[in-house]
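Student: Could you have a look at this structure, given as structure tokens, before my questions?
Numbering (my numbering), first residue to last: 11 to 218.
Following this line, the structure appears as structure tokens:
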């Protein structure tokens with residue numbers, strides 16, 4: 011990457027972050043429905059047209075890191091380690107998810123959780139993203155274990171792991187626990203599920 015290209019990339023990242031920060035602040039102050047795209051753009055000192063170069067809607071701003079996280083997950087599943095069971099791989103994905111949370115995302119976590127729990131449009135968006143990401147991860151998992159998993163078992167494994175992790179996080183955050191504690195709950199839930207999935211992705215033992 012040239013110096014000029016690197017400068018453009020950093021400028022775009024800075025503008026994107028400013029849009030997210032401005033939007034989340036406005037959502038907290040005015041409410042999600044009451045905040046306009048023009049106000050979000052103005053908070054980052056850009057035009058509304060420029061806003062659409064980064065996000066397609068207000069809903070997309072709230073889930074600003076969804077595509078990146080899914081991409082990382084799919085990459086991990088697609089490059090499973092030799093001898094790694096399905097349970098071990100999914101546990102590794104969950105554990106890696108904690109390291110993907112930078113200071114920026116962690117700082118916005120509580121407000122994002124509040125918004126998703128109280129705004130119907132965001133609940134619908136979250137549900138769509140959840141189903142789509144689980145489907146794509148299940149497909150990738152099935153491809154990673156072609157001789158051990160069929161689509162149903164891959165879907166069951168992903169659904170169990172993601173469902174347990176998501177619900178554990180929701181219950182922790184709903185109690186007002188710090189974000190770090192929510193990740194502790196996620197890890198515990200993942201370990202419980204992994205115990206039940208441990209046989210998946212391993213050759214069946216021969217019986218006499």
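Cβ coordinates follow ideal geometry from the N, Cα and C atoms, glycine included.
#1: Tell me the DSSP secondary structure of residue 163 in three-state form.
#2: From the DSSP output, in three-state form, read off residue 53 for me.
#3: Are the segment 81 to 97 and the segment 29 to 48 touching, with three or more C-beta to C-beta distances below 8 Å?
#4: Kindly indicate which three-state DSSP category residue 182 falls into: helix, strand or coil?
#5: Cα-Cα, which of 156, 73 and 12 is closest to residue 31?
#6: Consult DSSP for residue 116 and reduce its assignment to one of helix, strand or coil.
#7: Taking Cβ positions, are residue 105 and residue 174 nearer each other than 9 Å?
#8: I'd like to check one pair, residue 100 with residue 168: are the Cβ atoms closer than 9 Å?
#9: Mind reading off the beta-carbon distance from residue 82 to residue 110? Whole number of angstroms is fine, and I expect it under 8 Å.
#10: Quick check on this structure: which residue in 194, 164 and 76 has the alpha carbon closest to the alpha carbon of residue 177?
Tutor: So, to answer that:
#1: Three-state DSSP puts residue 163 in a helix.
#2: In this structure, residue 53 counts as helix in the three-state DSSP scheme.
#3: No contact exists between the segment 81 to 97 and the segment 29 to 48.
#4: If DSSP states are grouped into helix, strand and coil, residue 182 belongs with the helices.
#5: Nearest C-alpha to residue 31: 73.
#6: In the displayed model, residue 116 falls within a helix according to three-state DSSP.
#7: Against a cut-off of 9 Å, the Cβ pair of residue 174 and residue 105 comes out as no contact.
#8: In this structure, residue 168 places its C-beta atom within 9 Å of the C-beta atom of residue 100.
#9: Yes, they are in contact, since the Cβ atoms of residue 82 and residue 110 sit about 6 Å apart, within 8 Å.
#10: Nearest C-alpha to residue 177: 194.
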